[in-house]
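Numbering (full-length UniProt numbering), first residue to last: 1 to 128. As structure tokens, the structure follows; a few thoughts come after it.
Pasting the structure below:
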């Protein structure tokens with residue numbers, strides 16, 4: 001088994017951290033942009049797309065700052081995906097920093113997927 005590579009991508013987004021966090025951390029918010037439908041039971045979130053379903057465990061969250069999940073099928077316990085909200089102290093610009101893990105030959109594909117997903121989030125928020 002090859003080790004997965006951790007990567008980060010930053011996306012500037014025009015939104016308040018409080019509103020943004022609702023879209024990153026609640027089943028109803030996530031189903032607006034991340035998956036077709038999202039259900040949660042305790043610390044487990046089920047993400048549904050067309051004919052597929054994946055469950056992720058909520059590893060931690062800090063209100064209006066970050067949320068971290070690990071896919072249940074992920075064998076490597078050090079692999080997770082996290083969405084962190086960062087506010088520039090001077091300009092007050094808001095960004096999402098996505099941290100994820102992928103096999104070396106899938107990093108570019110993973111980044112493209114996140115760019116599409118965050119693009120959908122920006123549309124929902126009416127952000128540029």
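For glycine and all other residues, C-beta sits at the position ideal for the given N, C-alpha and C.
C-alpha gap between residue i and residue j, whole angstroms
i: residue 94; j: residue 67; result: 16 Å
i: residue 126; j: residue 99; result: 24 Å
i: residue 128; j: residue 116; result: 13 Å
i: residue 133; j: residue 37; result: This structure cannot settle anything about residue 133, because the visible part of the chain is limited to 1 through 128.
i: residue 129; j: residue 122; result: Because the chain spans 1 through 128 in this model, residue 129 falls outside it and cannot be assessed.
Which listed residue (the options) has its alpha carbon closest to that of residue i
i: residue 55; options: 100, 92, 71; result: 71
i: residue 60; options: 108, 88, 53, 43; result: 43
i: residue 64; options: 105, 15, 6, 126; result: 15
i: residue 20; options: 111, 86, 105, 107; result: 86
i: residue 69; options: 26, 88, 36; result: 26
i: residue 92; options: 75, 114, 106, 12; result: 12
i: residue 80; options: 101, 9, 40, 112; result: 101
i: residue 17; options: 88, 128, 105, 41; result: 88
Opening and closing residue of the alpha helix (DSSP H) in which residue i lies
i: residue 122; result: 107 to 125
i: residue 21; result: 17 to 25
Span of the beta strand (DSSP E), counted from its first residue to its last, around residue i
i: residue 80; result: Counting along the chain, residue 80 falls outside any beta strand (DSSP E), and DSSP gives it neither H nor E.
i: residue 40; result: 37 to 41
i: residue 10; result: 5 to 12
i: residue 100; result: 94 to 102
i: residue 34; result: It is not in any beta strand (DSSP E) - residue 34 carries neither H nor E in the DSSP assignment.
Contacting residues, own chain, Cβ-Cβ under 8 Å from residue i (five flanking each side not counted)
i: residue 53; result: 46, 47
i: residue 124; result: 23, 32, 33
i: residue 107; result: 5, 7
i: residue 77; result: 70
i: residue 29; result: 22, 23
Environment of residue i [buried if 16+ CB atoms lie within 10 Å]
i: residue 96; result: buried
i: residue 109; result: exposed
i: residue 90; result: exposed
i: residue 113; result: exposed
6 Å CB neighbourhood of residue i in its chain, flanking five on each side removed
i: residue 118; result: 11
Proximal residues to residue i (C-beta, below 7 Å), its chain only, five neighbours per side dropped
i: residue 83; result: 24, 66, 67, 96, 98
i: residue 35; result: 47, 48, 49
i: residue 9; result: 98, 111, 114
i: residue 120; result: 33
beta-carbon residue i near the ligand COA non-hydrogen atom, thresh 8 Å
i: residue 49; result: What this structure holds is no ligand at all, so the ligand COA is not there to describe.
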